[in-house]
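*Asks:*
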Amino acid sequence: MKKRNRVVLVVLIFNIANAFILTSCWNYKETDNLTLVRGFSVDRVEDGNYFISIETADMHQAGTEGKGKAAIIESEGESMFDAVRNAVLVNVPRLYWAHSTAVILSQQVAQEGFLKVLDFLIRDAETRLDIHPFVYRGEYAKEIFNTTPISAVMVSEELKDMLHGQKFTSKTLLVQIYEVIERLEGEGISVVMPAVCVTEVNGAKTIKLCGLAIFKGDKLVGFLDEDETKYFCFATDEVDGGLLVVDAEHEGKKGKITLEILNSGTRFKARYKDDEISIQIRIRVRTSMNDVQIEEFPSTDNAINDLKRQANEQLKKDIENLIKKVQEINSDIFGFGSLVKKQLPKVWKEKGKDWDNNFKELKVEIIPEVEIVHTALLKDSIKKGD
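In the working numbering, the protein residues as written are 177 to 562.
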């Protein structure tokens, strides 16, 4: 649910002020005394200490736009602050955190609770609340900086670029630290963060966004894969684009038909009847047909209407399966509780105290309305010759 406006203004004002103080065109004297932090990972080692890997920009090799070569600084400490301060022992110029774009948590750190990391980000005078948090789906989060960026100079920059390009897939979610704080402090809603993993492209290790991490309070309790994340975005009005791949059937022939999402909108309604809370989710999706894997699929009204029916049934089933999975994990990442609190405040006052149990038993009605436009421009599928 799109609730990002409450603190966006504060973050925007901070960023504008910071731009006046520190622009992208640095002079040599300033950069000679600073090491610009672009992102960092957080692990826990065997003795319980925090181990941080800090990706920095070497400004001595920077161009006119202030983009330097990446260098990694590693440090360890009994607390986050201790680990950061100890980084000074291996780095002479002062670390400057205001241009950090990403923080990557190991699964262990996320499972134990991210509050201590969040506390550092909030209390440090230079870090900003628009940093993007991630959870690494692997053993040690520091491994992320051993990869080769494909489209950027630094791993942290590539992570940020990937997030901002998510509208073409809707298989991840752009999350910033201020939104994590909002969800953590809110009632009836749980935290999610993008998950990142390492993969291979042409023999080189690189990064890939791989769904969402689910939290209960500040502790990691599960993951959604990429497809599940897409259905989460449908259920929370966060779809900006992407594809719907329908397992379709026409006149006994089966195949996949790909619908490109042009736009999508989701409306929510909380209901209370017979001492039972329920949620209605109505999803309207405008699509165009992109790829047809059914031989001789016609562009007739009957065929298109039947495809709409199948797309609606599949979308409904996939979202219902996702909600069931999340209810079993028992973490209200959809914000159904906050919806009840907003739309049915008297009911929330009574039922909100035991929302964990109420959420697990919550009935959710999904009403999808898939529309296929530009059908007049469609051509029948290519027919094979004898």
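For every residue, glycine included, the Cβ atom is placed at its ideal position computed from N, Cα and C.
In the DSSP assignment, find the unbroken alpha helix (DSSP H) run with Ser332 in it and report its ends.
*Replies:* Val331 to His340
*Asks:* Can you tell me whether His426 is buried or exposed? The criterion is at least 16 other CB atoms within 10 Å of its CB, across all chains shown.
*Replies:* buried
*Asks:* Note the first and the last residue of the continuous beta strand (DSSP E) segment covering Ser217.
*Replies:* Leu210 to Arg220
*Asks:* Going by C-alpha distance, which of Val421, Asp530 and Glu537 is nearest Glu504?
*Replies:* Nearest option by C-alpha distance: Glu537.
*Asks:* For the segment 270-277 and the segment 288-303, state whether three or more C-beta atom pairs, one from each stretch, are separated by less than 8 Å.
*Replies:* yes
*Asks:* Let's test the definition: count the other Cβ atoms within 10 Å of the Cβ of His550 and tell me whether it reaches 16, buried, or not, exposed.
*Replies:* exposed
*Asks:* Quick one: residues in its chain with C-beta nearer than 7 Å to the C-beta of Asn262, no 5 flanking neighbours on either side, listed in chain order?
*Replies:* Ser251, Glu252 and Gly253
*Asks:* Under 8 Å by Cβ, that's how I've got Val372 and Leu385 pegged, so tell me the actual separation to the nearest angstrom.
*Replies:* 6 Å
*Asks:* Do Val546 and Lys445 have their CB atoms nearer than 9 Å?
*Replies:* no
*Asks:* Would you check if the segment 323-330 and the segment 384-400 touch, i.e. whether three or more CB-CB distances between them fall below 8 Å?
*Replies:* Touching, no, given that fewer than three Cβ pairs across the two stretches are closer than 8 Å.
*Asks:* Could you check the C-alpha separation between Phe290 and Glu471 for me, to the nearest Å?
*Replies:* 52 Å
*Asks:* Could you have a look at Ala380 and say whether DSSP puts it in helix, strand or coil?
*Replies:* Residue state, collapsed to three classes: strand.
*Asks:* Determine, using beta-carbon pairs with one atom in the segment 460-470 and one in the segment 419-437, whether at least three such pairs fall under 8 Å.
*Replies:* yes
*Asks:* What residue does the alpha helix (DSSP H) around Gln456 start on, and which one ends it?
*Replies:* Where Gln456 is concerned, there is no enclosing alpha helix (DSSP H), although the beta strand (DSSP E) it sits in stretches over Glu452 to Val468.
*Asks:* Is the distance from the Cβ of Asn534 to the Cβ of Ile457 below 9 Å?
*Replies:* Going by C-beta atoms, Asn534 is not nearer than 9 Å to Ile457.
*Asks:* CA-CA distance, Thr211 and Gln342?
*Replies:* 30 Å
*Asks:* Can you tell me which of Glu315, Ala411 and Gln287 puts its alpha carbon nearest to the alpha carbon of Val461?
*Replies:* Measuring from the Cα of Val461, the nearest candidate turns out to be Ala411.
*Asks:* Quick one: what does DSSP say Asp423 is sitting in, helix, strand or coil?
*Replies:* strand
*Asks:* Which word fits Pro521, buried or exposed, when buried means at least 16 other C-beta atoms lie within 10 angstroms of its C-beta?
*Replies:* exposed
*Asks:* Mapping the DSSP letters down to three states, classify Asn439 as helix, strand or coil.
*Replies:* strand
*Asks:* Can you check whether the CB of Glu288 is closer than 9 Å to the CB of Ser346?
*Replies:* no
*Asks:* Would you decide whether Arg214 is buried or exposed? Buried here means 16 or more other CB atoms lie within 10 Å of its CB.
*Replies:* buried
*Asks:* Can you tell me whether Ile548 is buried or exposed, with buried defined as 16 or more other CB within 10 angstroms of its CB?
*Replies:* buried
*Asks:* Quick one: what's got a C-beta closer than 6 Å to Met338's C-beta in the same chain, skipping five residues either side?
*Replies:* Leu385
*Asks:* Who are the Cβ neighbours of Ile159 in its own chain at under 6 Å, not counting the five residues just before and after it?
*Replies:* Here the chain comprises residues numbered 177 to 562, so residue 159 is not present and cannot be evaluated.
*Asks:* With which residues is Val266 paired in a DSSP beta bridge?
*Replies:* The partner list for Val266 (beta bridge, DSSP) is empty, contrary to what the question assumes.
*Asks:* Does the Cβ-Cβ distance between Phe399 and Arg313 come in under 9 Å?
*Replies:* Result yes, Cβ atoms of Phe399 and Arg313 sit closer than 9 Å.
*Asks:* Quick one: what's got a C-beta closer than 6 Å to Val311's C-beta in the same chain, skipping five residues either side?
*Replies:* Leu281, Ala286, Met369, Ala371 and Ala389
*Asks:* Measuring alpha carbon to alpha carbon, tell me which residue in Lys406, Leu396, Phe473 and Gly513 is nearest Lys430.
*Replies:* From the listed residues Lys406, Leu396, Phe473 and Gly513, the smallest Cα separation to Lys430 is found for Phe473.
*Asks:* Output the distance between the C-alpha atoms of Asp223 and Asn506, rounded to the nearest integer angstrom.
*Replies:* 32 Å
*Asks:* Buried or exposed: where does Val377 fall if 16 or more other Cβ atoms within 10 Å of its Cβ makes it buried?
*Replies:* exposed
*Asks:* Determine the closest residue to Asp403 out of Thr348, Glu334 and Ser229, with distance taken between C-alpha atoms.
*Replies:* Closest option to Asp403, Cα to Cα, is Thr348.
*Asks:* Please report the residue range of the beta strand (DSSP E) in which Thr232 lies.
*Replies:* Start and end: Tyr226 to Asp234.
*Asks:* Tell me, to the nearest whole angstrom, how far the beta carbon of Val422 is from that of Gln486; I am working on the premise that it is less than 8 Å.
*Replies:* About 6 Å separates the two Cβ atoms, so the contact holds.
*Asks:* Can you tell me whether DSSP reads Val293 as helix, strand or coil?
*Replies:* Three-state DSSP puts Val293 in a helix.
*Asks:* Can you tell me whether His308 is buried or exposed, with buried defined as 16 or more other CB within 10 angstroms of its CB?
*Replies:* In summary, His308 is buried, with 16 or more beta-carbon neighbours lying within 10 Å of its beta-carbon over all protein chains present.
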